[in-house]
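Reviewing the structure listed below.
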Amino acid sequence: MFVGLDMGGTHTDAVLIAGGRIQRHYKTNTDQADYFGTVTRALEAILAGINPSSIKRLNLSTTICTNAIVTGRTSPVGLLLEPGPGLNPAILACGQKNFILSGSIDHRGRPASPLVEAEIKAADRELQQAGIRHLAIVGKFSTRNPEHELGIKEALSPGYDFITTGHRLSGRLNFPRRVFTAYLNSAVAATYSSFAAAIKTFTAKKKLPFAPDILKADGGTLSLEASLSLPVETILSGPAASIMGALALVPTSQDAIILDIGGTTTDIAFLAGGVPLYEPQGINLGGYPTLVRALFSYSLGLGGDSCLRVKEGRLTIGPDRQGPARALGGPAATPTDALITLGRLDLGDKAAARQGIAELGDKLGLSTLNMAAATLQQMVGEIARQSRALLDKINSRPVYTVREVLAGKQLHPVQVIVIGAPAPVLADELEAAFGLPVTVPNLAGVANAIGAALSQPTTELTLLADTEQGLLTVPEEGIREKIPAGYNLDRARNRALELLRERLVRLAPEVAGSELEVVEEQSFNMVSGFYTTGKNIRVKVQVKPRVTPLKGDADDV
Amino acid sequence: MYKAARRLGLVFFPAFDWAISPTHPEREERLLYTQDQVLEEGILDIDGIYEYRPRLAAIADVERVHVCVPDVMSRVTESHLIAAGGAIVAAEAVLKGEVDKAFAIVRPPGHHAMRIVHGARGFCNINIEAIMIEYIRRHYGKKRIAIVDTDCHHGDGSQDIYWHDQDTLYISLHQDGRTLYPGTGFLNEFGGPNAYGYNLNLPLPPETGEEGFLYALEHFILPVLADFKPDLVINSAGQDNHYTDPITNMRFSAQGYARLNDRLQPDIAVLEGGYSIEGALPYVNVGIILALAGLDYSGIREPDYSPARVAQSPRVSDYIARLCDETYQAWQQRETLRAEYVRDKKEISRRRHIYYDTEGLMETQEETTLVCDTCGGLTWIDSRTDRGRHILAIFIPRNACPRCQEEGHALFERASAGAYRDGIYLQDRVADQLLKK
């Protein structure tokens with residue numbers, strides 16, 4: 054049996070899946086003041102009377118870190134930066150105390166100027182005096198050589214509560230994002246660790262054979278233990294849970310659009326050959342661009358509860374939500390009221406719904422029924438327009454090789470998969486607006502929790518081998534090792550896959566056999582004068598992201 | 027996050043799968059570290075900086091500028107067409123008003139490619155700026171355009187292409203041709219009879235430092251541009267004046283390139299040469315990007331930078347001051363100088379040898395231009411190579427007057443195919459077509 058729990062801003066959904074079917078579903082309000090209480094309430098309900106040893110997997114998505122960041126309830130962070138020459142680092146000083154340290158590493162990972170011990174000591178004293186317990190240490194090009202970040206850490210007094218070093222977060226190059234990600238990671242560490250401890254106590258008390266895994270924004274999970282040092286990885290996992298749920302419910306190997314129509318927003322995502330598209334760099338949260346890997350998902354301010362208005366003789370939908378539908382006692386008419394008026398939803402006070410739509414119709418000279426139909430048409434029209442605009446943008450992303458320019462690979466969705474509560478009753482309008490077949494799975498309303506239950510651990514590694522320097526670097530693992538002169542792409546690829554396997558065994562032993570894949574690999578001849586002096590090899594590997602299909606898998610879900 | 031004061035379009039095309047040969051300076055690795063630096067600095071996240079995807083230039087875009095012998099596809103690879111197409115994408119972003127400035131960081135370069143192309147010269151097969159400029163004029167109307175070429179090598183290809191064009195001012199700053207490839211680019215190369223004075227060369231002495239480049243900018247380039255009043259300024263942004271460049275002898279820096287672009291404010295910059303791929307390009311390109319986008323570039327510095335590395339001797343300073351003065355005076359007297367040059371001649375001819383260093387091929391050209399007071403003038407070139415190729419190429423300029431058009435067509439009709447074993451070409455810029463017989 055698999056258990057999945059998806060905590061959203063308003064609601065928390067939990068499902069119990071067994072025999073390829075949803076056995077139980079529980080929905081509760083998310084208590085912003087008591088996340089732990091929300092999780093235990095949902096789990097108590099879903100696990101009641103179930104033998105704990107029959108649970109094979111328990112995955113949680115949590116908004117605790119997202120919310121802490123958005124509301125600013127975070128720990129003060131001391132930021133130690135080694136920006137070296139380049140863009141003005143002043144804008145990156147997002148900590149409570151910020152120190153711009155001397156020293157630099159160049160693009161090939163060679164130290165270009167040394168650290169200055171006295172500066173670090175002075176920063177240390179100031180941090181100690183201010184009582185700051187959470188630090189982030191970030192250097193430019195630290196993913197190419199972490200020795201300066203580690204040197205700064207060593208020069209500090211022992212005993213800080215939590216220190217993030219930038220190179221551990223991601224192998225990707227982007228110093229500003231590395232700074233923000235490290236800052237956020239340290240800022241939420243205290244809040245997250247008390248939440249994680251409570252969850253651990255709870256699952257032990259429930260006699261579950263393992264601690265739960267935590268959902269990430271890339272549609273994968275990581276163990277509770279691993280999440281303690283990377284709490285920032287837990288942010289914004291909700292949209293990914295929904296996308297993975299849609300994939301579990303409607304497995305496909307084609308290009309597709311996934312829509313998750315909710316109360317306030319519609320999230321738009323894409324599949325390329327059945328695989329979800331990623332954000333190219335990382336997700337943005339609270340004004341901070343980060344390196345947190347995430348599935349691409351665009352949030353459009355348009356949902357079942359969006360406020361309907363007539364402005365200058367035109368209907369507008371959203372982007373705000375004033376409250377629930379008129380039918381449910383809300384202050385303004387919504388698309389949900391239009392659905393009730395058309396008899397597609399049997400919900401709440403139907404007269405109130407009709408009344409709300411009729412008032413809008415009067416202003417536009419439309420009958421109540423026409424007004425309701427026009428509302429739905431406009432709503433799906435806006436969703437379709439935005440989807441096409443996103444698609445154009447994705448299809449014009451730059452490429453860097455002749456081969457790719459000539460191939461001109463484009464995303465051409467052939468179907469639309471729709472989840473979320475209003476999905477089934479909007480299918481016809483959507484099909485007309487997109488001109489594509491629309492699939493609405495049966496369990497569209499709980500796809501998010503299903504996605505949470507069926508997501509699997511993911512992780513990635515970046516390997517850089519520089520045979521001229523005779524060095525190999527894997528920043529995420531903090532590895533820097535010597536390599537021989539004849540080192541080549543084949544050996545680098547094998548080493549990367551071997552290290553990824555070891556990492557997976559450590560982070561998620563239960564799926565240590567998962568399929569691994571090479572995402573990128575390049576090998577450049579390095580030439581000095583007119584002679585080849587070495588190779589610059591870059592390999593990126595990951596655990597192939599997948600979702601346990603709901604039915605027909607060898608595992609009895 | 028950072029916000030650009032001016033919107034900047036970037037076309038980044040490193041052609042990671044294309045090289046002239048595995049150890050050639052123009053190889054896959056060339057823009058690798060530049061890409062690393064651009065990514066690590068987070069430049070693509072800056073609000074107001076947009077990256078565009080390059081596309082292939084069309085054959086017709088190339089034929090608008092060049093006579094390729096025997097044809098375009100025999101003389102280029104896809105990578106050349108993408109470099110030219112990338113420059114076009116950058117220019118269109120500016121002309122459509124999507125951005126204020128654009129920078130095409132593409133390879134391979136193009137400024138040694140001349141009107142007639144028998145092969146590769148100085149790593150260049152086709153002239154990507156010229157293809158971009160003529161595309162702009164064809165699709166966005168007549169424009170006065172200034173090219174400021176800051177590559178260390180004289181852009182003899184760009185000079186050749188715009189030799190007869192008064193609407194295109196070509197200014198080149200480069201290391202003196204007596205000390206560096208291609209060996210041309212002196213003051214007396216002043217333009218053809220109908221565009222005399224619109225080709226300005228400033229051959230700088232070896233060991234010119236930051237000070238010298240910026241002096242030339244302030245005391246020569248900017249005053250000339252103020253007189254010419256271009257609609258668009260293009261920077262052929264070669265980066266081999268850098269003090270670490272392996273094949274040149276200058277002392278310019280990333281900070282200097284950034285300041286130059288900050289003062290020049292070109293509408294479009296296009297990468298040309300520059301082969302210090304680790305020590306210069308990553309920093310110079312970031313510097314140019316920041317300067318164009320109106321961001322603080324004061325922190326851009328090479329790891330091994332020191333004031334001594336970019337200093338120049340007082341002798342060099344004096345020489346440059348005299349050079350700027352003399353060249354600016356010539357520019358101001360261009361009308362008088364043209365009258366002396368042309369006198370009452372009906373047509374003017376010249377004979378040249380052009381060396382293609384990649385193939386080791388020598389071309390001999392006999393070029394004749396009709397003196398014309400109303401247009402660029404009909405030009406025809408009898409071109410032979412030491413491999414036995416022989417063609418006649420006739421050029422009707424973009425703004426050709428009725429007489430020059432008629433004479434061009436008549437010459438094409440009259441010329442006997444038997445006399446030119448590899449064909450007779452007519453590049454008719456008015457009809458925008460290339461004919462061959």
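Chains as they are written, first to last, in our numbering: chain W, 54 to 610; chain C, 27 to 463.
In this text, a Cβ means the ideal position worked out from N, Cα and C, and glycines have one as well.
#1: Which same chain residues, not among the five before or five after W/Ala607, have their C-beta less than 8 Å away from its C-beta?
#2: Chain W beta carbons: is any one of them nearer than 8 Å to that of C/Thr49?
#3: By the criterion of Cβ-Cβ separation under 8 Å, what are the contact partners of C/Tyr59 in chain W?
#4: How long is the line joining the alpha carbons of W/Ser114 and W/Gly291, rounded to whole angstroms?
#5: With 8 Å set as the bound, which would you pick, yes or no: does the beta-carbon of W/Arg456 sit closer than that to a beta-carbon of chain C?
#6: Distance, Cα to Cα, W/Ala489 vs W/Ala460?
#7: Which bits of chain W does C/Tyr222 rub up against, with CB to CB less than 7 Å?
#8: Drop a sphere of 10 angstroms on the beta-carbon of W/Met60, count the other beta-carbons inside from all chains shown, and report buried for 16 or more, exposed for fewer.
#9: Is the shortest distance between the beta-carbon of W/Gly582 and the beta-carbons of chain C less than 8 Å?
#10: Taking the CB atoms as reference points, tell me whether C/Leu243 and C/Asp293 lie closer together than 8 Å.
#11: Counting C-beta neighbours from all protein chains within 10 Å, is the total for W/Asp373 16 or more, i.e. buried, or is it exposed?
#12: Need the endpoints of the beta strand (DSSP E) that C/His379 sits in, please.
#13: Kindly indicate which three-state DSSP category W/Ala549 falls into: helix, strand or coil?
#14: Can you list, in chain order, the residues of its chain whose CB lies under 6 Å from that of W/Phe577, leaving out five sequence neighbours each side?
#15: Between which two residues does the beta strand (DSSP E) carrying C/Pro229 extend?
#16: Is the separation between the beta-carbon of C/Met27 and that of C/Cys178 shorter than 8 Å?
#17: If I'm right that W/Leu464 touches W/Asp320 with Cβ under 8 Å, what's the distance once you round it to whole angstroms?
#18: Does W/Pro477 come out as helix, strand or coil in the three-state DSSP assignment?
#19: Taking all protein chains shown into account, decide if W/Gln182 is buried (16 or more other Cβ within 10 angstroms of its Cβ) or exposed.
#20: Count the other CB atoms within 10 Å of the CB of C/Ala116; is the residue buried (16 or more) or exposed (fewer)?
#21: What are the residues that DSSP puts in a beta bridge with C/Trp44?
#22: Got a sec? Which residues, its chain only, sit under 8 Å from W/Glu568 by beta carbon, not counting five neighbours each side?
#23: Tell me which residues share the same chain as C/Phe38 and place their Cβ nearer than 6 Å to its Cβ, disregarding the 5 neighbours each side in the sequence.
#24: Using 8 Å as the limit for Cβ to Cβ distance, is C/Pro134 near chain W?
#25: Spell out a yes or no on whether the region 115-123 of chain W and the region 165-180 of chain W are touching, meaning 3 or more CB-CB pairs, one atom from each, closer than 8 Å.
#26: Check the Cβ of W/Leu42 against every Cβ in chain C and list those closer than 7 Å, keeping chain order.
#27: Quick one: what does DSSP say W/Arg110 is sitting in, helix, strand or coil?
#28: Within the 8 Å Cβ cut-off, does C/Gln63 reach chain W?
#29: Taking CB distances under 8 Å as the criterion, tell me whether C/Arg327 reaches chain W.
#30: Based on the DSSP secondary-structure assignment, which residues constitute the bridge partners of C/Val37?
#31: Under a three-way DSSP split, which group does W/Val610 fall into?
#32: Rounded to whole angstroms, what's the CA-CA distance from W/Asp445 to W/Arg438? Just pull it up for me.
#33: Kindly indicate the opening and closing residues of the beta strand (DSSP E) around C/Trp406.
#34: Could you give the C-beta distance for W/Arg397 and W/Val478, rounded to a whole number, given that I count them as a contact under 8 Å?
#35: Exposed or buried, which one is C/Lys127 when buried takes at least 16 other CB atoms within 10 Å?
#36: Would you mind telling me which residues of chain C sit closer than 9 Å to W/Gly139, beta carbon to beta carbon, in chain order?
Short version:
#1: Here residue 607 of chain W refers to the residue found at position 554 when the first sequence is read from its first residue. Low confidence applies here, because W/Ala607 scores a pLDDT of 37, under 50, leaving its location unreliable and the question unanswered by this model.
#2: Within the second sequence, the letter at position 23 stands for residue 49 of chain C. With 8 Å as the cut-off, C/Thr49 counts as an interface residue toward chain W.
#3: Indexing the second sequence from 1 puts residue 59 of chain C at position 33. Those are His160 and Arg161, listed as they occur along chain W.
#4: In the first sequence, counting from the first residue as 1, residue 114 of chain W sits at position 61. In the first sequence, counting from the first residue as 1, residue 291 of chain W sits at position 238. So the two alpha carbons sit approximately 7 Å from each other.
#5: Against the first sequence, residue 456 of chain W aligns to sequence position 403. Under the 8 Å criterion on CB atoms, W/Arg456 is classed as interfacial with respect to chain C.
#6: For this step, residue 489 of chain W is matched to residue 436 along the first sequence. For this step, residue 460 of chain W is matched to residue 407 along the first sequence. The identity of residue 489 of chain W in the sequence shown is Leu, whereas the question assumes Ala. Spanning the two alpha carbons is a distance of roughly 25 Å.
#7: Taking the first residue of the second sequence as 1, we reach residue 222 of chain C at position 196. Here the premise fails: no neighbours, minimum Cβ distance about 41 Å.
#8: Taking the first residue of the first sequence as position 1, residue 60 of chain W is located at position 7. W/Met60 should be labelled buried.
#9: Within the first sequence, residue 582 of chain W is the residue found at index 529, counting from 1. Chain C contact via Cβ: present.
#10: Sequence index remark: in the second sequence, residue 243 of chain C carries index 217 (1-based). Sequence index remark: in the second sequence, residue 293 of chain C carries index 267 (1-based). Not a contact, by the Cβ cut-off of 8 Å.
#11: On the first sequence, position 320 is the one that residue 373 of chain W refers to. Looking at its Cβ environment, which holds fewer than 16 other Cβ atoms inside 10 Å, W/Asp373 is exposed.
#12: One-based indexing of the second sequence puts residue 379 of chain C at position 353. Its beta strand (DSSP E) spans residues Glu373 to Tyr382.
#13: As a working note, residue 549 of chain W is residue 496 in the first sequence. Per DSSP, reduced to three states, the secondary structure at W/Ala549 is helical.
#14: Within the first sequence, the letter at position 524 stands for residue 577 of chain W. Here W/Phe577 has Asn589 as same chain residues with Cβ atoms under 6 Å from its own Cβ, once five neighbours each way along the sequence are excluded.
#15: Counting from 1 along the second sequence, the entry for residue 229 of chain C is found at position 203. That run of the beta strand (DSSP E) goes Asn225 to Leu230.
#16: Within the second sequence, the letter at position 1 stands for residue 27 of chain C. Within the second sequence, the letter at position 152 stands for residue 178 of chain C. No, these two residues do not count as a Cβ contact at 8 Å.
#17: Here the question's residue 464 of chain W lines up with position 411 in the first sequence. Here the question's residue 320 of chain W lines up with position 267 in the first sequence. The C-beta distance from W/Leu464 to W/Asp320 rounds to 17 Å, too long to fall under 8 Å, and the pair is not in contact.
#18: Translated into the one-based positions of the first sequence, residue 477 of chain W becomes position 424. W/Pro477 falls in the helix class under three-state DSSP.
#19: The sequence position of residue 182 of chain W within the first sequence is 129, counting from 1. Burial check for W/Gln182: the Cβ neighbour count within 10 Å stays below 16, so the residue is exposed.
#20: Locating residue 116 of chain C in the second sequence gives position 90, counting from the first residue. So C/Ala116 ends up on the buried side.
#21: Translated into positions along the second sequence, residue 44 of chain C becomes position 18. DSSP lists no partner for C/Trp44.
#22: For the purposes of this step, residue 568 of chain W is identified with residue 515 of the first sequence, where counting begins at 1. Shown here for W/Glu568: same chain residues with a beta carbon closer than 8 Å to its own, the five before and five after excluded, namely Val596, Lys597 and Arg599 in chain order.
#23: One-based indexing of the second sequence puts residue 38 of chain C at position 12. For C/Phe38, where only same-chain residues beyond five positions count, the Cβ hits under 6 Å are Ile131.
#24: In the second sequence, the residue the question calls residue 134 of chain C occupies position 108. Judged by the 8 Å Cβ criterion, C/Pro134 is not in contact with chain W.
#25: No: fewer than three Cβ pairs fall under 8 Å.
#26: Beyond the ends of chain W as shown, which are 54 and 610, falls residue 42 of chain W; an answer cannot be given.
#27: Working through the first sequence from its first residue, we reach residue 110 of chain W at position 57. Residue state, collapsed to three classes: strand.
#28: Numbered from 1 along the second sequence, position 37 holds the residue referred to as residue 63 of chain C. At least one C-beta of chain W is nearer than 8 Å to the C-beta of C/Gln63.
#29: Here residue 327 of chain C is taken as the residue at index 301 of the second sequence, counted from 1. Yes, C/Arg327 lies at the interface with chain W (some Cβ there is under 8 Å from its Cβ).
#30: Counting from one through the second sequence, the residue named residue 37 of chain C turns up at place 11. In the DSSP output, where bridge partners are listed per residue, C/Val37 has C/Tyr78 and C/Ala130.
#31: The count along the first sequence starts at 1 and reaches residue 610 of chain W at position 557. At W/Val610, the pLDDT of 44 sits below 50, so the modelled position is not reliable; the number obtained from the coordinates is stated separately. It is coil, neither helix nor strand.
#32: Numbered from its first residue, the first sequence carries residue 445 of chain W at position 392. Numbered from its first residue, the first sequence carries residue 438 of chain W at position 385. Spanning the two alpha carbons is a distance of roughly 11 Å.
#33: Along the second sequence, read from residue 1 onward, the residue named residue 406 of chain C stands at position 380. Taken as a continuous stretch (DSSP letters only), the beta strand (DSSP E) holding C/Trp406 covers Thr405 to Thr411.
#34: Reading the first sequence from its first residue, position 344 is the one you call residue 397 of chain W. Reading the first sequence from its first residue, position 425 is the one you call residue 478 of chain W. Their Cβ separation, rounded to whole angstroms, is 4 Å, which keeps W/Arg397 and W/Val478 in contact under 8 Å.
#35: Taking the second sequence and counting its residues from 1, the one referred to as residue 127 of chain C is at position 101. C/Lys127 comes out buried.
#36: Your numbering for residue 139 of chain W matches position 86 in the first sequence. Going along chain C in sequence order, the residues near W/Gly139 (Cβ under 9 Å) are Gln63, Glu66, Glu67, Tyr309, Val312, Gly325, Ile326 and Arg327.
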